[in-house]
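In this text, residue positions in the sequence shown follow my numbering: the first is 543, and each later residue adds one. The beta carbon of each residue, even a glycine, is placed where N, CA and C say it ideally should be. Nothing here was measured: the structure is a model prediction, and the numbers come from that model.
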Amino acid sequence: MSPLTWQKSSFSEAGADTCIEVAAAPPTHTPHLRESDDPGIVLTTTPAALRALLRGIKAGSGLAEGVGVRR
Numbered sequence: 543m544s545p546l547t548w549q550k551s552s553f554s555e556a557g558a559d560t561c562i563e564v565a566a567a568p569p570t571h572t573p574h575l576r577e578s579d580d581p582g583i584v585l586t587t588t589p590a591a592l593r594a595l596l597r598g599i600k601a602g603s604g605l606a607e608g609v610g611v612r613r
C-alpha cells in the first residue's frame, strides 16, 4: 500500500490534536479514519458504510444500522 495522504477538517484549529483525519487509498478509494492524537490506530471501512454512518450522524441517530468497520 502506498502512503496515505491524511486530511482533517478545515474547521479544526491549527495544531489541534483532537481531530478525525480521513484518507482514501487508491485505486479503490477505500476510506481510512484515524484520531489525530493517536495516528497509529486506523479504521478501514467501505465507501457505502462510511456514507451510511455520516447519514445517520447527520440525521441525529448516531450509528446507522449495518455500518461496520474493521481494525
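If the five residues before and after K550 are omitted, its C-beta is found closer than 8 Å to the C-beta atoms of C561, I562, E563, V564 and S578, all from its own chain and listed in chain order. Boundaries cannot be given for L546, as no beta strand (DSSP E) includes it and DSSP labels it neither H nor E. Using a 10 angstroms sphere on the CB of R597, the tally of other CB atoms stays under 16, which defines it as exposed. Where P581 is concerned, the enclosing beta strand (DSSP E) starts and stops at D580 to T586. Secondary structure of P568 (DSSP, three-state): coil. A residue is called buried once 16 or more other Cβ atoms fall within 10 Å of its Cβ, and P589, having fewer, is exposed. Cα atoms of I599 and L575: separation of roughly 16 Å, rounded to the nearest angstrom.
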